[in-house]
Every structure is written in C-alpha cells, then in structure tokens.
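Asker: Just so you know, the protein sequences line up as chains A and B, in that order.
1 is the number of the first residue of the first sequence in my numbering; add one for each residue after it.
460 is the number of the first residue of the second sequence in my numbering; add one for each residue after it.
The C-beta atom is built at its ideal place from N, Cα and C for all residues, glycine as well.
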Amino acid sequence: MTSPLNHLPSAQEVGTYDPQTLTHNFSDLHPPLTQRQAMIESQRCLYCFDAPCVEACPSDIDIPSFIRQIGEKNINGAAETILEANILGGSCARVCPTEILCERSCVRNHDAECQPVLIGLLQRYATDHMQFDSHPFKRAASTGRHIAVVGAGPAGLSCAHRLAMLGHQVTIFEAEQKPGGLNEYGIARYKMTDDFARKEAEFLMEIGGIDLQYGQRLGYNLELSTLHQQYDSVFLGLGLGASRALRLTGEEAPGLMPAVDYIKTLRQTDDLGSLTVAKRCIVIGAGNTAIDMATQMARLGATEVTLVYRRGIEAMSATDHEQEIAKANGVRMVTWAQPDEILLDDQGRVAGMRFAKTVEQAGQLSPTGETIEIAADAIFKAIGQSFDNTSLADATAAELAREGERIHVDEMFRTSLPNVYAGGDCVKSGQDLTVQAVQHGKLAAHAIHQALAAKQEAA
Amino acid sequence: MNTTPFTPLSFPGKKNSGDSVVNGVDLSVNFAGIKAPNPFWLASAPPTDKAYNVVRAYEAGWGGVVWKTLGEEPPAVNVSSRYSAHYGKNREVIGFNNIELITDRSLEINLKEITQVKKDWPDRALIVSIMVPCNEEAWAYILPLVEATGADGIELNLGCPHGMPERGMGAAVGQNPDLIEKVTYWCKKHYSKPVIVKLTPNITDIRVGAQAALRGGADAVSLINTINSITSIDLDNMVAKPTVGHQSTHGGYCGSAVKPIAMNMVAEIARDPSTPTLPISGIGGISTWRDAAEFIALGSGSVQVCTAAMLNGFRIVEEMKDGLSRWMAEKGYDSIEAFSRKAIPQTTDWKHLDINFKTIAKIDQDLCIECGRCYIACEDTSHQSIAKLTEQNGARRYEVIEEECVGCNLCQITCPVENCITMVPQETGQPFLAWDNDPRNPFRVAS
Chain A
1 MTSPLNHLPS
11 AQEVGTYDPQ
21 TLTHNFSDLH
31 PPLTQRQAMI
41 ESQRCLYCFD
51 APCVEACPSD
61 IDIPSFIRQI
71 GEKNINGAAE
81 TILEANILGG
91 SCARVCPTEI
101 LCERSCVRNH
111 DAECQPVLIG
121 LLQRYATDHM
131 QFDSHPFKRA
141 ASTGRHIAVV
151 GAGPAGLSCA
161 HRLAMLGHQV
171 TIFEAEQKPG
181 GLNEYGIARY
191 KMTDDFARKE
201 AEFLMEIGGI
211 DLQYGQRLGY
221 NLELSTLHQQ
231 YDSVFLGLGL
241 GASRALRLTG
251 EEAPGLMPAV
261 DYIKTLRQTD
271 DLGSLTVAKR
281 CIVIGAGNTA
291 IDMATQMARL
301 GATEVTLVYR
311 RGIEAMSATD
321 HEQEIAKANG
331 VRMVTWAQPD
341 EILLDDQGRV
351 AGMRFAKTVE
361 QAGQLSPTGE
371 TIEIAADAIF
381 KAIGQSFDNT
391 SLADATAAEL
401 AREGERIHVD
411 EMFRTSLPNV
421 YAGGDCVKSG
431 QDLTVQAVQH
441 GKLAAHAIHQ
451 ALAAKQEAA
Chain B
460 MNTTPFTPLS
470 FPGKKNSGDS
480 VVNGVDLSVN
490 FAGIKAPNPF
500 WLASAPPTDK
510 AYNVVRAYEA
520 GWGGVVWKTL
530 GEEPPAVNVS
540 SRYSAHYGKN
550 REVIGFNNIE
560 LITDRSLEIN
570 LKEITQVKKD
580 WPDRALIVSI
590 MVPCNEEAWA
600 YILPLVEATG
610 ADGIELNLGC
620 PHGMPERGMG
630 AAVGQNPDLI
640 EKVTYWCKKH
650 YSKPVIVKLT
660 PNITDIRVGA
670 QAALRGGADA
680 VSLINTINSI
690 TSIDLDNMVA
700 KPTVGHQSTH
710 GGYCGSAVKP
720 IAMNMVAEIA
730 RDPSTPTLPI
740 SGIGGISTWR
750 DAAEFIALGS
760 GSVQVCTAAM
770 LNGFRIVEEM
780 KDGLSRWMAE
790 KGYDSIEAFS
800 RKAIPQTTDW
810 KHLDINFKTI
820 AKIDQDLCIE
830 CGRCYIACED
840 TSHQSIAKLT
850 EQNGARRYEV
860 IEEECVGCNL
870 CQITCPVENC
880 ITMVPQETGQ
890 PFLAWDNDPR
900 NPFRVAS
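1. Based on DSSP bridge pairs, tell me the residues matched to Thr371 (chain A).
2. From Pro506 (chain B) to Thr747 (chain B), what distance separates their C-alpha atoms?
3. With 9 Å as the limit, tell me which residues of the stretch 89-123 of chain A have their beta carbon closer than that to any beta carbon of chain B; keep them in chain order.
4. Is DSSP giving Asp340 (chain A) helix, strand or coil here?
5. Taking CB distances under 9 Å as the criterion, tell me whether Cys830 (chain B) reaches chain A.
6. Applying the criterion that 16 or more other CB atoms from any shown protein chain within 10 Å of the CB defines a buried residue, is Glu103 (chain A) buried or exposed?
7. Residues bridged to Val500 (chain B) by DSSP?
8. Where does Phe555 (chain B) fall in DSSP's three states?
9. Give me the chain A residues within the contact set of Lys440 (chain B), using Cβ-Cβ distance strictly less than 7 Å, ordered along the chain.
10. Given a cut-off of 9 Å, decide if Gly675 (chain B) and Lys700 (chain B) are closer than it, judged by their beta-carbon atoms.
11. Considering only the alpha carbon of each residue, which of B:Glu789, B:His649, B:Thr663 lies closest to Asn635 (chain B)?
12. Within 9 Å of any Cβ in chain A, is that where the Cβ of Ile553 (chain B) sits?
13. Reducing DSSP to helix, strand and coil, say where His7 (chain A) ends up.
14. Spatial neighbours of Ser10 (chain A) within its chain, please: CB distance less than 7 Å, with the 5 preceding and 5 following residues excluded, ordered by chain position.
15. Are any of the Cβ atoms in chain A nearer than 9 Å to that of Met460 (chain B)?
16. Our contact map puts Ala298 (chain A) next to Val283 (chain A) with C-beta atoms below 8 Å; I'd like the distance itself, whole angstroms only.
17. Would you mind telling me which residues of chain B sit closer than 9 Å to Pro258 (chain A), beta carbon to beta carbon, in chain order?
18. Going along chain A in order, which residues have a C-beta closer than 8 Å to the C-beta of Pro875 (chain B)?
19. Tell me the rounded alpha-carbon separation between Glu399 (chain A) and Glu457 (chain A).
20. Would you list the one or two residues that DSSP bridges to Ile692 (chain B)?
21. By DSSP's criteria, Val859 (chain B) is part of a beta bridge. Which residues make up the other side?
22. Given that Tyr834 (chain B) touches chain A, what residues does it touch there, using C-beta distances under 7 Å?
23. Nearest by alpha-carbon distance to Phe754 (chain B): which of B:Leu682, B:Gly483, B:Tyr600 is it?
24. Which complete beta strand (DSSP E) runs does the stretch 423-454 of chain A hold, if anything under 3 residues is left out?
25. Can you pull out the residues from the stretch 4-31 of chain A whose beta carbon lies closer than 7 Å to at least one beta carbon of chain B?
26. Taking all protein chains shown into account, decide if Glu789 (chain B) is buried (16 or more other Cβ within 10 angstroms of its Cβ) or exposed.
27. Do His449 (chain A) and Ser158 (chain A) come within 9 Å of each other at the CB atom, strictly closer than that value?
28. Given Lys810 (chain B), which residues of its chain have a CB within under 7 Å of its CB, disregarding the five upstream and five downstream residues?
29. Thinking C-alpha only, which one of A:Ile383, A:Glu184, A:Gly285 is nearest Thr269 (chain A)?
30. What did DSSP end up calling Gln20 (chain A) once you bin it into helix, strand or coil?
31. So which residues of chain B does Ile40 (chain A) contact, with C-beta pairs closer than 7 Å?
32. Identify the continuous beta strand (DSSP E) that holds Ile379 (chain A) and give its terminal residues.
33. Out of B:Gly554, B:Pro653, B:Pro732, B:Cys765, which one is the CA nearest neighbour of Asn687 (chain B)?
34. Would Val435 (chain A) pass as a contact of Ser59 (chain A) if the rule is Cβ separation under 9 Å?
35. Would you tell me roughly how many angstroms separate the C-alpha atoms of Ser479 (chain B) and Val762 (chain B), rounded to the nearest one?
36. CA-CA distance, Gly463 (chain A) and Leu240 (chain A)?
Shown next as structure tokens:
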C-alpha cells in the first residue's frame, strides 16, 4: 500500500529511533487509569441530574450512572451501562474527541476546579476491566427476519449487534479481511493498541446470530440489487473509500500518496522498522487524519514534518487537543497556504511543494500572489475522503438519493429505497465520528425492527 | 559511599514545644487543677502505651497525655489484627474501630516509666488511666502506686466497650450509675489528686453518668469513650473486620465520624443544671483546631485526641496549636477559658426554638454550575421548591420557588459549590414565639 514511497528508506534505515523506542512511540498515547486513579476520578463526578454530559454524548450513554458504578466497584455494571447504549464503548473511549463532547459539557469545568471529570478514561477503565462469564446481552426470540449489513465498521457492527439483540438474523458483508472499519485501519496506531478493534468485534459477535463475510465489496463482487431482493432489509454502513485528489500535475509521482493508505499499512504492520519513512514530509489537510499522519510520521523518525492548511488554525477540524498532540511531536503547522505545484526531482519523484499563500476576503479564499516552497521527500494528502463511486454503481444503488455526494437518509435512517437504511460516514451527519456512526447503527436497527414489526402486523 | 551519619539541624521550635504562648496567644489550661501548656492532650490509647511514644508526643508539643489504661496483674493479652476503618469514597478514614484491650505490659514497667517521664517533663500534664475490678481493695491497692509516680491525676476508664466488660470492668461499670458513683468515691478516698471519670457513650442518657460521677466526688469527666461498632463485612468470607482468624467481634468506634455524637453528649452535660460547673475533657473525632474550638465552645476545658494522631502522627499538634491560636487572636480571645462554653447559651431544646423564624434558600446564579443536584434532591425528597428552567441558549437555570421553600437546607447541603446556595433569614414581622407558647401546641405553657 505504500508503494509510492518505495524509493525511500525504512524507519530502521533512517535510524532516528531504535526498535524499542519505536515500539514505545506507538504504544498507548494516553495510558489507562489505574484502579486507584479510576476510584479518585469517579468521585469527582457530581452525579448531575439530567446531566449535560449525557446530552453531549452522541450515543446517549448514562455517564453519571456508569461512573457511580465504578465508584462502587461494580465494574461489570458500569460496563453494561456503557455497552447497552454503545456496544463499541471500548473503542469510543479511546477515539472519541471527548474534549468537544461529554468532557466539554462537564459541570466541573465551571467549578473552581476548571477541569472536567475524565469521562473517556473512566469509560475505558470500565470496558477494559469488565469480566463477563458470557455475553452480557441476550437475544430476543427469533423474528425469522434476515438483514444484510454492508460494512463491518462502527455503524455496521453497532447495527448488527442491536438487530441480533432484537431477534433478527444478520449477515455482514465486509470488504476488508478484518472487522472494525476505521477503528482497525484508519485511526492512529497509538490510539488503538493491542489489536483492540478486532477483540471488540469478537466480543460483540458473541451475542450470536451474526454471520460476518469478508472480502465482500459492494459494487465489485456484491450488488445492492441482490441484497435488496434476498434480505428483509439492508443497512448500508459503507466507509468513504476514495481519497480526494489535489488536481495538480504530478499527482501520480512517487512520493505522493493518500494519508489513509499509509495509516492503513502502519496499522497492520508487525514491523514498524520496515515502514518507509520520509525524513522530510508534508501533510496537507486539517482534520484528525492529517494530525494522525503527521504525528505518526514524526514518531517513526521523520525529522521535518510540516502540516499545511489553506485556512487558519481556528478553522481546522482537528480539535485543539489533537493539534497539541501534533505540536508536542514537533510537527510544524503552516496555515493560509494552498497547494500550487508538486515539485519533482530529475527522476520525477517528489522533491517538495510550492504553496500559494491565501487570504480570506468576504468568506472567499484567494491567493495573495505570494508563494512558498517546502522541500520534502513525500507528500501525504489528507484533504478528505469521498465515495468510491463503483460501490454504488449498480442499477439499484444508482437510485439512492444523495445529499451532496453522501447517501440521503431521513430521521429514521431510511434511504430513498424501501427497506434500505444507511448510517455512519456514508450519510451526511455533520460529525464524522465513530460514536456518531455507532449511534446511527443502533437507531437504524430499531427503525428496521419497527418497520418489520409493523409489516408483520399489517400482514 | 558517604557513610557520614545525617545530623538533623536543631530547630528552636522543637526545644520549646512546651511553650504555652503561640502566635502571641496563651493556650495554657488549668483543667480541674491539672495544668498544661495547651489544651491538646492525647487520649488513653495505643499512642500513650509507653514512655517511648509519650516522650515523642511531648517533643512534638502535646500539652498532656492520658497514659494508656493500667490494670491489675497479670496484664491483659491482646489478639492479633486489632483495627479496622470505615472509609470514605476516596479511602479517607471517616471512622476507626479497635478491639484492643488496656495495656498488655506489666504494671511495674508502666509505673516506672510514668515516674521517669513525669520527672523529665514536669510542665506537661500526665494523667494515668486506670481500670481495675469493681471492689474497693483493687482500687485501694493500685491508687497509692499511681500516686507515687507523681502523675497529675487519674482518669477512670469506665467505658471500654470490648474485652473488659466481660471481666466486670470498663463499660460494664460505666453503664451502671451506682457503680460509677461508688468507684469514683473509692478513688477520691484513696487518691489525693484530681479524678477524671471517662464516660461511655453506649448508654441512653449521658447526663446520668456525669451526675453519678459528680455525686461520687469526681473533679471532672471526659467523654466520649468509643462506641460499639462493626465497620465493615468482608462479603467474600462473610466476616467482619478486623478479622481474627476466621472470626471477628464488635469494637470501639472513634474518629471523625463520631464527632457529632460526642459534641452532643458534651453539650448535654454542659447544659445540665445538675452538673453546671463540672469540668469536661472533650473527646471524639477531634482532628483539627476547628474541631477542638467547637468542643471548647460547647464546654470542654481540654480536648483529647487519638485517631487523628494514629492516622497522621504526633506532628498534627503543630497545626492545631497554630490554627487555634491564630483564630483566637483574630477573635480577641486571650485564653481558652475566654471562649469555653460560649456556644452553650445558644444550644437549647427544640421546644424553645422560635417557630416564627423563617429562612429560605437563595441560589447565586453566577456561581451555579448547573449540576441539578439541588433540584432533584428537593423535587424527589423535599418540598418541590426548586424550578428547573432552560435559558434561551440552552443553559439550565435553577430557581427557588420562595413560597414553597421551608428552609430545610437540603439544597445547600447537596450543592457542590461553596456559597452558591445560601439560606437567607426572612423578615416576617412576627415576634419570637417558642413552641412552649405556641397556640397550636396543645401542651403549651400559658404565658
């Protein structure tokens, strides 16, 4: 997957970090709480009535309740409180931008303490330490219905689990060879260590009634029309597989590649030292993927990592917390500069990039005429993802109403096609967050269940 | 390797640990004839079991010590595993429980050490706690031996709730007013210095014990001794703590948790017209200078500390003396006596309270953090007098419904922000009216 960088040395050859340090650089970014820390932190929760943190949680977790359970050393109870609202509570505890969600609304911020309860880490404590003899959720009596779920990412897994709980049979069609979606392939390695995404999916599958088929890629070896005919309902939980193009000459040059492709390889490798590293590199973008890319490249041993964004810091979609991580890793941020030209060496490989400085006037971004050049061995683009158009190319899929390029759904997660639902990154939600995807999957499962039950009654 | 032994610097303050004047305020007390440079004494307990501990306590600055209870020969025998705690949620010790008996060292060694310590520390109070069987011979035997040590007085341990009652001593005596009177009488007869009677709280009316002590001729009382307790159960093994082998037993409870119980008992005696001038040494959960000041305000002439020292070491007396003296200076009290009993006139029976007084809660919206704790407490369990409103921007706003508020203080208690909710006395225009005289009282006293 990192073939565009084949001419570059490996992390081991670059030699900034010895193997032990490399391993350390990709271990847990935020170490989990110890039992004592969890107890102390749980006592800081005020057990608010109608708590603002719950309102801020996209997946409706009863936060004061699970924290109180932790305080009473009822860890399984705490875990169940979390998981009944969000079956991927373990990965959300790791990847949720809590600083803009639950923890931002914690009333402790206002108090003289000016410090929220560490809700994310407490959630992780509960889900890390739960010990169930058998899966904590039971399936309702079989409904005899069979539902197809496309994509084993957070939306698909959440939907499948809830459908199984409600008594339905589920088959998940996953394009990759592992479940988890972005949790497995797309998130910085130090945010999701110890094969957690796979373990979480295995835990979730323990409920039973879910068949997971790998290598099933919609539009390639799987048609929506077939699923539509063969199953009682279909839930689309596709990811955004295609990286947006810079639309510049030299886009195919060695040394230029999508950040997500590199991260995917990084997440799957057993040998960090073998990864190719650009000692000097540029990351273009302003989201969490750009931050993950830049930080990971620095942690692999790159010595000059520059993140370039066409607007100002305040417009970056990466949170302050994420930006701080990048800065702490020596990532340089250049703002108000947009790609102008890919600079190539005499062998046609990336040698750097020229940027046009920008200015915003009446909401419009325009070049100032000034340019800057940054030398680099590699350029990673992290300027957003879009649909792989092939995935929705069959006759049935083509009928799906779109909203922008995403799939249009109503408040019940229904697409324009009967019995076809969608959620997660493939629909327009405002926040492309794991926790949002989990909530979509869960709510869609209930919508599907209701619709099928209504159909039953009508029949 | 540097093998030079570490030589501690000498601090002038250490040498003068017995100074009675701290921060310009005289902390000395004369308690029932027993003089001490300050009112902070260590209670009879493990910290005062032997000369080594007591000397360390004096070095640290304690004004007095009540030596751990002496008994008859042969000495008591203790079990292994002796203490347990009632913890708060952050593992802070709220209450402390022990199943230890009186001293398990020989009478001879104790008397010898007491003699030496009193000789070396003449300015500090040294009181000897005693518990022997309930017959005059036993007391007539031990008292002259104690008198010979030169100690300043004795404290009768009539309150130990475990181990000793089975032998006809401790709480078994303390729960029987006639025996309290009798034992006190023997002590006054066979001992010339002040006699303090330590009272057990494991009774229904503490005043009865104090009255009996006074009748017997006691110079003072001290209270409270520990309260019968079981602090926790090991739910895996179904046995209480502390666990001795596979069993447990009730112990004596002390520490912060017992302070409110002890203060009420101290106040009951201080308010009792039959014991109006009986000196009281206050004991029960005293951990800070504020606790001490509160006990003194309720009528204590000295205070005794044990649990706080056991949990933190003797050094806490430094902060206690410093805090108390600064507060006294600020308030203009030039001696402990100057504020002793100051809270007693305002401590009365419920029936004398002003039924016309009205106070209601006020929420400071600038300090409110919108946690909703006051709302749900009032809504679920009190008088439904807090309204939950939503501002235009979605912020929560909690407002007191004044006409519904009975002034119970629950919202103020549950609020996590200090001073956010205050109770504001209302101008009712109505005169003071005690329930004794209230027309609604069918048993009212005609005025």
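Answerer: Result, derived from the coordinates:
1. According to DSSP, Thr371 (chain A) bridges with A:Ala356.
2. Looking at the two C-alpha atoms, the distance is approximately 18 Å.
3. Residues passing the 9 Å Cβ filter: Val107, Arg108, Asn109, His110, Asp111, Ala112.
4. Note: Asp340 (chain A) maps to strand in three-state DSSP.
5. Using beta-carbon distances, Cys830 (chain B) counts as an interface residue toward chain A, with a partner under 9 Å.
6. So Glu103 (chain A) ends up on the buried side.
7. Here residue 500 (chain B) is Trp; the residue named in the question, Val, does not match the sequence. Residue pairing for Trp500 (chain B): DSSP places it in a beta bridge opposite B:Gly523, B:Gln763.
8. Of the three classes helix, strand and coil, the one that applies to Phe555 (chain B) here is strand, per DSSP.
9. With chain B covering only 460 through 906, there is no way to say anything about residue 440 (chain B).
10. Taking a C-beta distance under 9 Å as the contact criterion, Lys700 (chain B) and Gly675 (chain B) do not qualify as a contact pair.
11. Of B:Glu789, B:His649, B:Thr663, the smallest CA-CA separation from Asn635 (chain B) is found for B:Thr663.
12. Output row for Ile553 (chain B): interface = no.
13. Look at His7 (chain A) here: in three-state DSSP terms it is coil, with no helix or strand label.
14. Correct list, in chain order: Gly273, Ser274, Leu275, Thr276, Val277.
15. Residue confidence for Met460 (chain B) is low, a pLDDT of 46 falling below 50, so the modelled location carries little weight and cannot support an answer.
16. Going by Cβ atoms, the distance from Ala298 (chain A) to Val283 (chain A) rounds to 10 Å, so no, they are not a contact pair.
17. Contacts between Pro258 (chain A) and chain B, judged by CB atoms closer than 9 Å, are missing: the closest CB pair is about 39 Å apart.
18. In chain order, Leu46, Asp111 make up the part of chain A whose C-beta sits under 8 Å from the C-beta of Pro875 (chain B).
19. Spanning the two alpha carbons is a distance of roughly 29 Å.
20. For Ile692 (chain B), the pairing in a beta bridge is given by DSSP as B:Ala699.
21. DSSP lists B:Ile845 as partners of Val859 (chain B).
22. Near Tyr834 (chain B) (Cβ distances below 7 Å), the residues of chain A are Phe49.
23. Checking every option, the nearest Cα to that of Phe754 (chain B) belongs to B:Leu682.
24. Qualifying beta strand (DSSP E) stretches: none in this window.
25. Within the stretch 4-31 of chain A, no residue places its CB atom closer than 7 Å to a CB of chain B.
26. Its Cβ having fewer than 16 others within 10 Å, Glu789 (chain B) is exposed.
27. No, the pair does not count as a contact, with Cβ atoms beyond the cut-off.
28. So the qualifying residues of the chain are Ala893, Trp894, Asp895.
29. Ranking A:Ile383, A:Glu184, A:Gly285 by Cα distance to Thr269 (chain A) puts A:Glu184 first.
30. In the structure shown, the three-state DSSP call for Gln20 (chain A) is helix.
31. Around Ile40 (chain A), the beta-carbon contacts reaching into chain B at under 7 Å are Asn549.
32. Where Ile379 (chain A) is concerned, the enclosing beta strand (DSSP E) stretches over 378-381.
33. Put simply, of B:Gly554, B:Pro653, B:Pro732, B:Cys765 the residue whose alpha carbon is nearest the alpha carbon of Asn687 (chain B) is B:Gly554.
34. Contact flag set, yes.
35. The alpha-carbon separation between Ser479 (chain B) and Val762 (chain B) amounts to approximately 15 Å.
36. This structure leaves residue 463 (chain A) out entirely; chain A is present only between 1 and 459.
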